[in-house]
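Chains C and U are the protein sequences, given in the same order. Just so you know, we're using the working numbering here: the first sequence kicks off at 9 and counts up by one. Just so you know, we're using the working numbering here: the second sequence kicks off at 3 and counts up by one. Ideal Cβ placement from N, Cα and C applies to all residues, glycine included. Notes to accompany the following structure.
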Amino acid sequence: MNLFYKHTSRRNLSNTILTLITGLFATLAVLPLILVILYVLIKGASQININLLTQLPEPPGDDLNSGGIGNAVIGTFVVTGIGALIAIPIGVGGGIYLAEYSRNGPFSKFIRFGTNVLSGVPSIIAGVFVYGVIVSTKVIFGSNFSGLAGGIALSILMLPTVIKTTDEGLKLVSDELRKGALGIGASKFITITRITLPAALTPIATGIVLALARAAGETAPLIFTALFSFYWAEGSEALLEPIATLSVLIYNFALEPYEAQNKLAWAASFVLVLIILTTNIISRFISKYASSK
Amino acid sequence: MDKSKQVCKPQNKTTISLQNVTISYGKFEAVRNVYCDIQKGKVTSLIGPSGCGKSTILRAINRMNDLIPSCSLNGRVLFEGADLYDPRIDPVEVRRRIGMVFQQPNPFPKSIYENIAFGARINGYKGDMDQLVESSLRQAAVWDECKDKLNDSGYSLSGGQQQRLCIARTIAIEPEVILMDEPCSALDPISTLKIEETMHELKKNFTIIIVTHNMQQALRVSDMTAFYNAEIKEGAAGGKCGYLVEFNDTDKIFNSPVQKATQDYISGRFG
Chain C
9 MNLFYKHTSR RNLSNTILTL ITGLFATLAV LPLILVILYV LIKGASQINI NLLTQLPEPP
69 GDDLNSGGIG NAVIGTFVVT GIGALIAIPI GVGGGIYLAE YSRNGPFSKF IRFGTNVLSG
129 VPSIIAGVFV YGVIVSTKVI FGSNFSGLAG GIALSILMLP TVIKTTDEGL KLVSDELRKG
189 ALGIGASKFI TITRITLPAA LTPIATGIVL ALARAAGETA PLIFTALFSF YWAEGSEALL
249 EPIATLSVLI YNFALEPYEA QNKLAWAASF VLVLIILTTN IISRFISKYA SSK
Chain U
3 MDKSKQVCKP QNKTTISLQN VTISYGKFEA VRNVYCDIQK GKVTSLIGPS GCGKSTILRA
63 INRMNDLIPS CSLNGRVLFE GADLYDPRID PVEVRRRIGM VFQQPNPFPK SIYENIAFGA
123 RINGYKGDMD QLVESSLRQA AVWDECKDKL NDSGYSLSGG QQQRLCIART IAIEPEVILM
183 DEPCSALDPI STLKIEETMH ELKKNFTIII VTHNMQQALR VSDMTAFYNA EIKEGAAGGK
243 CGYLVEFNDT DKIFNSPVQK ATQDYISGRF G
């Protein structure tokens, strides 16, 4: 009897081949990610300089060395920030209700189902919805396209992620902790705010950061709501006026026939990818930091 | 075994009185028709085989069963004469007077100091917090082990120390009654011994009710013992329904039980 490993046996041969095939597919799966990032880095990084980040975009033209994306960088933060201000309280509150207060009745089932549906709604629908409800009706102080409307549209996209991560994060907290707090006479409110919510902070924070990263890169909902601007967002009514964002800038300028604008679009892509990459890394950092505690 | 002299003192005062208590999960009765008067300043242990409803009874005393949506109670639970299941009663207030220690040590993810201070603070304690933390930890016999690391996480302690921290946390809210649901079942024998010693100390200031599977423990720590048994019954929770067989001084239960079931159980013939 020969117990040595035989490369040529049918079984070992097919094993090797199939292993190679799965490895190949795994590589193909991450290839787009790597290529996209590399391409954007190479095309965009060469454009980056300090003027680019501090100046306003010029009206379309051939001047290759003028114009920047400063207002769009700030606008992206402003609009995403507005979205976060709306989505975090509502989402965390809703998640707390689902995990801590609801008793899995029809109402909470409906909300969970609705959250899942909402997370699958295409972002452009959120944009059209806010356009129909807020922009075209001018309900907010008579303003038309505005940063505020853009923020509201983004909050719709962030909401399901925030609700879901809060709900699931709280469900991971051991029931023993809740009982412990209730057993020494803590009210439900105190138990949630002082014991369970802090214990679930990491998954919730991670979810919020991921939601932020997703919203920051959205274009479709902003085209209908925040529109675009060639100027700084200034003055007391800045949020009620159209505002520039990186994603819409990319959309607008990439389609321009002028090379100068196309270059700005690449630079903006680079900055946007960098922002999103950083937020994702931050979210990983948060969960690592907490799991090491 | 000479505890009978203390137990027979005449000034025994009832603090908790269960009157015809039946507890059901959904349609199924888990334990039925329990009458039991628990005396102030004594350690009362609840023993019996699994599924006899002793933990259910314990949780009924500070309304922890409220957390189980399907659980309902018939009969009356009186605490110092007040019916705990009166609709006007606030369960949070009840739990401030009747604290609970659980089977699994469950310290909060906070520092040792904060674990103790948390309960006291939310209960409106205004005195010297440092002193309260120290005296609570001392009473729970865990002060020496954690006096040098009060700011460390409660999780940094061993299982037995964590459980004593949980006892200290309960003492700190200055309840009148402490309920313990198998507090030593997750612990090693040495930690168990320490907790039993702690209980002897605590008896001076608190009424203690303890659920235990360990009959030696019941014999060692308790003044009174209630033996619960379960009978097979169609349509009951888990196919069994618990009831109180015998409730008496611990040494009577263990030396001269009236019921045959008690005799069989304590001599290890079943359960």
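**Asked** What does VAL94(U) touch in chain C if you count any residue whose Cβ is under 7 Å from its own?
**Response** Along the second sequence, one-based indexing puts residue 94(U) at 92. Ordered by position in chain C, the residues that pass the 7 Å Cβ test against VAL94(U) are GLY193 and SER195.
**Prompt:** Which residues, taken in chain order from the segment 164-187 of chain C, show a beta carbon closer than 9 Å to some beta carbon of chain U?
**Reply:** SER182, ASP183, GLU184, LEU185, ARG186 and LYS187
**Message:** By the three-class DSSP mapping on this structure, what secondary structure does VAL141(C) have?
**Reply:** Working through the first sequence from its first residue, we reach residue 141(C) at position 133. VAL141(C): helix per DSSP, three-state reduction.
**Message:** Assuming SER3(C) is part of the alpha helix (DSSP H), what are its boundary residues?
**Reply:** The shown model of chain C, from 9 to 301, leaves out residue 3(C), and the question about it has no answer.
**Message:** Less than 8 Å between CB atoms is the rule here; does LEU190(C) satisfy it with respect to chain U?
**Reply:** For the purposes of this step, residue 190(C) is taken as the residue at position 182 of the first sequence. At least one chain U Cβ lies under 8 Å of LEU190(C).
**Asked** For ILE29(C) and chain U, any beta-carbon pair shorter than 8 Å?
**Response** By 1-based counting over the first sequence, the position of residue 29(C) is 21. Closer than 8 Å: no.
**Message:** So, for LEU185(C): in the same chain, excluding its five sequence neighbours on each side, which residues have a beta-carbon less than 7 Å away from its beta-carbon?
**Reply:** Locating residue 185(C) in the first sequence gives position 177, counting from the first residue. Hits under 7 Å: ILE203, THR204 and ALA207.
**Item:** Interface residues of chain C facing GLY156(U) [CB-CB closer than 8 Å]
**Value:** Taking the first residue of the second sequence as 1, we reach residue 156(U) at position 154. Residues of chain C passing the Cβ test: none, with the nearest at roughly 10 Å.
**Prompt:** DSSP three-state call for THR16(C): helix, strand or coil?
**Reply:** Counted from its first residue, the first sequence places residue 16(C) at position 8. Looking at THR16(C) - three-state DSSP - the assignment turns out to be coil, as it is neither helix nor strand.
**Prompt:** Which class does GLY43(U) belong to by DSSP, given the choice of helix, strand or coil?
**Reply:** Stepping through the second sequence from its first residue, residue 43(U) is reached at position 41. Here GLY43(U) sits in coil by DSSP.
**Contacts that THR172(U) makes with chain C (C-beta to C-beta distance below 8 Å)** = Within the second sequence, numbered from 1, the residue matching residue 172(U) stands at position 170. Correct list: GLY191 and ILE192.
**Prompt:** Buried or exposed: which applies to VAL96(U), given that a residue is buried once 16 or more other Cβ atoms fall within 10 Å of its Cβ?
**Reply:** Along the second sequence, one-based indexing puts residue 96(U) at 94. Label assigned to VAL96(U): buried.
**Asked** Per DSSP, ASP251(U) forms a beta bridge with which residues?
**Response** Numbered from its first residue, the second sequence carries residue 251(U) at position 249. Per DSSP, MET226(U).
**Item:** At least three beta-carbon pairs within less than 8 Å, the segment 70-90 of chain U to the segment 194-204 of chain U
**Value:** no
**Residue span of the beta strand (DSSP E) that contains TYR27(U), given as start and end** = Here the question's residue 27(U) lines up with position 25 in the second sequence. Taken as a continuous stretch (DSSP letters only), the beta strand (DSSP E) holding TYR27(U) covers 16-27.
**Message:** Please return the same chain residues whose Cβ sits closer than 7 Å to the Cβ of ALA80(C), not counting the five positions on each side in sequence.
**Reply:** On the first sequence, position 72 is the one that residue 80(C) refers to. Within the same chain, ALA80(C) has close Cβ partners ALA252, THR253, LEU254, LEU257 and ALA276.
**Asked** Along the segment 108-125 of chain U, what residues have a CB closer than 8 Å to any CB found in chain C?
**Response** ASN108, PRO109, PHE110, PRO111, PHE120, GLY121, ILE124 and ASN125
**Prompt:** If you draw a straight line from the C-alpha of GLY101(U) to the C-alpha of ILE175(U), how long is it?
**Reply:** For this step, residue 101(U) is matched to residue 99 along the second sequence. For this step, residue 175(U) is matched to residue 173 along the second sequence. Going from the Cα of GLY101(U) to the Cα of ILE175(U) covers about 8 Å.
**Request:** Please confirm if the segment 60-78 of chain U is in contact with the segment 141-156 of chain C, defined as three or more CB-CB distances below 8 Å between the two stretches.
**Result:** no
**Identity of the residue in VAL36(U), GLN41(U) and ALA32(U) nearest ASN207(U) by Cα** = To locate residue 207(U), count along the second sequence from 1; it is residue 205. Cα-wise, what sits closest to ASN207(U) is GLN41(U).
**Helix, strand or coil at TYR217(C) [DSSP, three-state]** = The count along the first sequence starts at 1 and reaches residue 217(C) at position 209. It should be pointed out that residue 217(C) corresponds to Val in this sequence rather than to Tyr. Looking at VAL217(C) - three-state DSSP - the assignment turns out to be helix.
**Item:** Cβ neighbours of ARG19(C) in the same chain (closer than 8 Å, five flanking residues each side left out)
**Value:** Taking the first sequence and counting its residues from 1, the one referred to as residue 19(C) is at position 11. Excluding positions up to five away in sequence, the list is empty.
**Request:** Going by DSSP, name the residue or residues bridged to CYS243(U).
**Result:** Taking the first residue of the second sequence as 1, we reach residue 243(U) at position 241. The partner list for CYS243(U) (beta bridge, DSSP) reads GLU233(U).
**Request:** For GLN105(U), collect the residues of the same chain with a Cβ closer than 6 Å to its Cβ; drop the 5 residues on either side in sequence, then sort them by chain order.
**Result:** Along the second sequence, one-based indexing puts residue 105(U) at 103. The residues are ASP183, GLU184 and SER187.
**Message:** Going by DSSP, what residue range makes up the alpha helix (DSSP H) through THR209(U)?
**Reply:** Within the second sequence, the letter at position 207 stands for residue 209(U). No alpha helix (DSSP H) contains THR209(U), which is instead part of the beta strand (DSSP E) from 209-213.
**Request:** Assign ASN76(U) to one of three DSSP states: helix, strand, or coil.
**Result:** Along the second sequence, one-based indexing puts residue 76(U) at 74. Correct three-state label for ASN76(U): strand.
**Item:** Which listed residue (GLY28(U), ALA170(U) and ASP146(U)) has its alpha carbon closest to that of VAL135(U)
**Value:** In the second sequence, counting from the first residue as 1, residue 135(U) sits at position 133. Closest by alpha carbon: ALA170(U).
**Message:** Counting only Cβ pairs nearer than 9 Å, list the residues of chain U close to ILE203(C).
**Reply:** The residue given as residue 203(C) occupies position 195 in the first sequence. PHE110, PRO111, LYS112 and PHE120, listed in chain order.
**Request:** Answer yes or no: the CB of ALA262(C) versus the heavy atoms of the ligand FMN, is any distance below 7 Å?
**Result:** By its list of ligands, the structure shown contains no ligand whatsoever, and the ligand FMN lies outside what it can speak to.
**Asked** Listed in chain order, which residues of the segment 173-185 of chain U have Cβ atoms closer than 7 Å to some Cβ of chain C?
**Response** ILE175
**Prompt:** Does DSSP put ILE77(C) in a helix, a strand or coil?
**Reply:** As a working mapping, residue 77(C) is identified with position 69 in the first sequence. Three-state result, ILE77(C): coil.
**Item:** N- and C-terminal bounds of the beta strand (DSSP E) containing ASP183(U)
**Value:** Locating residue 183(U) in the second sequence gives position 181, where the first residue counts as 1. Looking at the DSSP string, the run of the beta strand (DSSP E) that includes ASP183(U) is 179-183.
**Asked** How should VAL38(C) be labelled, buried or exposed, when 16 other C-beta atoms within 10 angstroms of its C-beta is the threshold for buried?
**Response** Taking the first sequence and counting its residues from 1, one reaches residue 38(C) at position 30. Burial call: exposed.
**Message:** Can you pull out the residues from the segment 105-117 of chain C whose beta carbon lies closer than 7 Å to at least one beta carbon of chain U?
**Reply:** ARG111
**Request:** Check the DSSP bridge columns for GLU2(U) and list the partner residues they point to.
**Result:** With chain U covering only 3 through 273, there is no way to say anything about residue 2(U).
**Message:** Using the three-state DSSP reduction, which class does LEU285(C) fall into: helix, strand or coil?
**Reply:** Position 277 of the first sequence holds residue 285(C). Helix at LEU285(C).
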